[in-house]
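Worksheet for the structure shown next.
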Amino acid sequence: MRIEQFNSSQGLYQRHITTIYQDQSRFLWVGTSDGLCRYDGYQFETYRFDPLDATSISGNYIQQITEDRFGKLWITTSGG
729 MRIEQFNSSQ GLYQRHITTI YQDQSRFLWV GTSDGLCRYD GYQFETYRFD
779 PLDATSISGN YIQQITEDRF GKLWITTSGG
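The sequence shown lines up with residues 729 to 808 when you count with my numbering.
Next up, the structure:
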C-alpha cells in the first residue's frame, strides 16, 4: 500500500476531509466541507455549488460518495 500526502500544490485546498472514494475508473474523489475534489493521479479538480449553475453540485458540504453498478457516482451533500 502506498500512502501519499496531498496539499495545495496538487490543488487540494480544503483541509477538512469528510469522505474519500475511488471509482471504477481509478479516480480518487475527496469530499470536503467546501466542495468535491477529483484527483486524477496528478492534480485535483474542484467542484463547488454555484447557485447560477443548475448543473453544479447541490451543496458544498460533501457527506458521502458512492457508485452504482453502472459507474454513476452518487454524492450526498448538505443541499440534498
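Note that CB positions come from ideal geometry on N, CA and C, so glycine has one too.
>> In this structure, how does DSSP classify residue 750 when only helix, strand and coil are distinguished?
In response: In this structure, residue 750 counts as strand in the three-state DSSP scheme.
>> Looking only at its chain, what residues have a beta carbon closer than 7 Å to the beta carbon of residue 753, apart from the 5 residues adjacent to it on each side?
In response: Around residue 753: no qualifying Cβ.
> Shortest alpha-carbon distance to residue 789 belongs to which of 745, 797, 802, 734?
Replying inline: It is 745 whose Cα lies nearest to the Cα of residue 789.
> In this structure, what does DSSP give as the bridge partners for residue 771?
Replying inline: None; residue 771 has no bridge partner.
> Exposed or buried, residue 733, counting other C-beta atoms within 10 Å across all chains shown (16 or more means buried)?
Replying inline: Exposed is the call here.
> Does DSSP classify residue 738 as helix, strand or coil?
Replying inline: Residue 738 falls in the helix class under three-state DSSP.
> With a Cβ-Cβ cutoff of 7 Å, do residue 798 and residue 787 count as a contact?
Replying inline: Contact flag unset, no.
>> Buried or exposed for residue 807, going by 16 or more other Cβ atoms inside 10 Å?
In response: With fewer than 16 other Cβ atoms inside 10 Å of its own Cβ, residue 807 counts as exposed.
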